[in-house]
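Novice: Going by my numbering, the sequence shown opens with residue 2, and the numbers climb by one from there. Note that CB positions come from ideal geometry on N, CA and C, so glycine has one too. On a predicted model such as this, the values are computed, not experimentally measured, just so you know.
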Amino acid sequence: MKRPQSALFDRLAAGSQLYAYPPESLRKLNELVKNKGRTLDVGCGDGTIPQAFDAPWVTGFDVSFRCAALARGRGVVSVVADAAGGFPYATDSFDTVYCVDVLHHLERRWRPVFDEVNRVLRPGGTLVIVEPDARNAFVRWTQAPDSPIRVAPCDNEPAIDPSDLLPLLQACGFEASCHSIHIEGEQVERSVFPLWQRLAKAPFTLLLSFLYRNVPNKFAIIVTKAGDTRGEVPAASRESAV
Ligand SMILES: C[S@@+](CC[C@H](N)C(=O)[O-])C[C@H]1O[C@@H](n2cnc3c(N)ncnc32)[C@H](O)[C@@H]1O
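1) Using three-state DSSP, classify G1 as helix, strand or coil.
2) Where do the ends of the beta strand (DSSP E) carrying L128 lie?
3) With DSSP as the reference, identify every bridge partner of Q188, one or two as the case may be.
4) Between the Cα of I150 and those of A69, E190, A201 and V224, spot the shortest distance and give me the residue it belongs to.
5) Could you name the residues of the same chain whose beta carbon sits closer than 8 Å to that of V77, not counting the 5 residues immediately before and after it, in chain order?
6) Along the alpha helix (DSSP H) that carries V140, what are the first and last residues, could you check?
7) Report yes or no: do the stretch 23–37 and the stretch 66–81 share at least 3 C-beta pairs separated by less than 8 Å?
8) Enumerate in chain order the residues of its own chain whose CB-to-CB distance from Q18 is below 8 Å, with the five nearest sequence positions on each side excluded.
9) Please determine whether the Cβ atom of E107 lies at a distance below 8 Å from any heavy atom of ligand 1.
10) On the premise that T40 lies in contact with T92, defined as a C-beta separation below 8 Å, what is that separation, rounded to the nearest angstrom?
11) So does L19 have its beta carbon nearer than 8 Å to some heavy atom of ligand 1?
12) For N215 and H183, what's the separation of their Cα atoms in angstroms?
Here it is as structure tokens:
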């Protein structure tokens, strides 16, 4: 099934760039994991974020054909795939998986994504999830589907409260920790809304963004996949087996 996001992001990424991030925000995202190793970026957008990773090997995929093409243009090997479907990679093939600002597009169909991450991530590997934080009222109201001051381009991409994700990650057997983080980023194709709507919303969004300027706008969940002992003979048995 073709996702509505693919057409929307093909359109938003019609130029040469989808989002512009200040170097400080790219640095913060990069530093969430040291020693990344083989790295996958799920929903890689135009490739700006994975391009900034200090990793020996980075690949990505995106549901938007145009985003995957832009990411390839930035030197990030990228293909078109749906995060809620099967990932086009072999089992245990990554040390690190990033998923930045993608889960809120999936209408809470998160379990298939985590199952696939679990499959492609090597034992002991790391998953990073970064999402708009619903605990920040500015973020919540400008993302909410029915909000009169929605600025989010899709009509169903509400911000997420991390407490909705953590139990699911734990149920998948992951160990997860959650941190607040502030990431600046600007959609380059400014808006899907007509000018008059943007002007009408502006006083409210500007006031809210001022009031919430010191409240982090995102959360980062860092997840570790348990080390693998499958197929290993415990030390005591090894001794007795000799
Ligand atoms: C808000 S943008 C974030 C892009 C990039 N991760 C970043 O942070 O700059 C959301 C991205 O997720 C992609 N996306 C949305 N639904 C997806 C899905 N089901 N599978 C893969 N990518 C998806 C969109 O095409 C878009 O590139």
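Specialist: So, to answer that:
1) Lying outside 2 to 243, the shown extent of the chain, residue 1 is not represented and no answer is given.
2) L122 to P133
3) Y20
4) Closest option to I150, judged by alpha-carbon separation, among A69, E190, A201 and V224: A201.
5) D42, C45, G48, P51, Q52, V59, T60 and G61
6) A138 to Q144
7) no
8) D47, T49, L71 and V189
9) A small fix is needed here, since residue 107 is Leu in this sequence, not Glu. Flag set: Cβ of L107 near ligand 1.
10) That pair is no contact at about 17 Å.
11) yes
12) 9 Å
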